[in-house]
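Residue numbers (the numbering used here): 37 to 255.
Everything on this sheet refers to the single structure shown next.
Here you go:
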């Protein structure tokens, strides 16, 4: 009888742990879906800002360097550079649930292998975005360095008072001017690559929301 009672106690405890684990699993998945919805909204915002930046850079690259002796052309280059060349639109994942899954051993509670693999792949994609953001940040630093060799940034106040009539270049050296335009082109390439990665991540995030909802029967 004692053996039976002990056995039944173990079984009851096992059932309680199973129910508790399934409840925690469901909570983690619900939290993951909530975080994904925040991420998709943030991704759309950052992608739109990136597209706006690219349009500005396209206009900047079309400004004819052969006409930079004209103050109006100089000022136009200055304005587009300060507005679109040095901007970084970072994406920060809402990773509250991911942190819990990693640090609290939550991954072991996710029974469905497909869900575990999909969430792990999502986390890997976030790491890739971080790497691309680092490249982009380095590109901005190089763009600033190139611009410092071309522009007199102290002329900003004067430019506001006399738009299209203020000299803002500190050099007409073709090598420095060409280097600056090359850096503008590189920034355009890096932002395009960054946006493409974000767009792919947005599609994956949207797919993952649908998959998790269907798999765990969540509205």
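Every residue gets a Cβ at the ideal spot worked out from N, C-alpha and C, and that includes glycine.
Among 190, 66, 123 and 196, nearest to residue 136 - alpha-carbon criterion
Position 100 of the chain shown, counted from the start, is the residue given in the question as residue 136. Nearest C-alpha to residue 136: 66.
Identify whether residue 187 lies in helix, strand or coil by the three-state DSSP scheme.
As a first step, residue 187 is located in the chain shown; it is residue number 151 there, counting from the start. The answer is strand: DSSP assigns residue 187 an E or B state.
Can you give me the Cβ contacts of residue 215 inside the same chain, cut-off strictly under 6 Å, excluding the 5 residues immediately before and after it?
The sequence position of residue 215 within the chain shown is 179, counting from 1. Closer than 6 Å at Cβ, skipping near neighbours: 182.
Does DSSP put residue 104 in a helix, in a strand, or in coil?
As a working note, residue 104 is residue 68 in the chain shown. In the three-state scheme derived from DSSP, where H, G and I count as helix and E and B as strand, residue 104 is classed as coil.
Comparing C-alpha positions only, which one of 243, 178, 198 and 208 sits nearest to residue 186?
Locating residue 186 in the chain shown gives position 150, counting from the first residue. Of the listed residues, the one whose Cα sits closest to residue 186 is 208.
Apart from the five residues just before and just after residue 203, which ones in its own chain have a Cβ nearer than 6 Å to its Cβ?
Taking the first residue of the chain shown as position 1, residue 203 is located at position 167. The answer, listed in chain order, is 107.
Among residues of its own chain, excluding the 5 on either side of residue 231, which ones have a beta-carbon nearer than 8 Å to its beta-carbon?
Sequence index remark: in the chain shown, residue 231 carries index 195 (1-based). Within the same chain, 83, 86, 87 and 90 come within 8 Å of residue 231 by CB-CB distance, once the 5 residues on both sides are set aside.
Using a Cβ distance threshold of 8 Å, determine whether the segment 158-171 contacts the segment 96-116, with at least three qualifying pairs required.
A contact is defined here as three or more CB-CB pairs under 8 Å, and the segment 158-171 fails this definition with respect to the segment 96-116.
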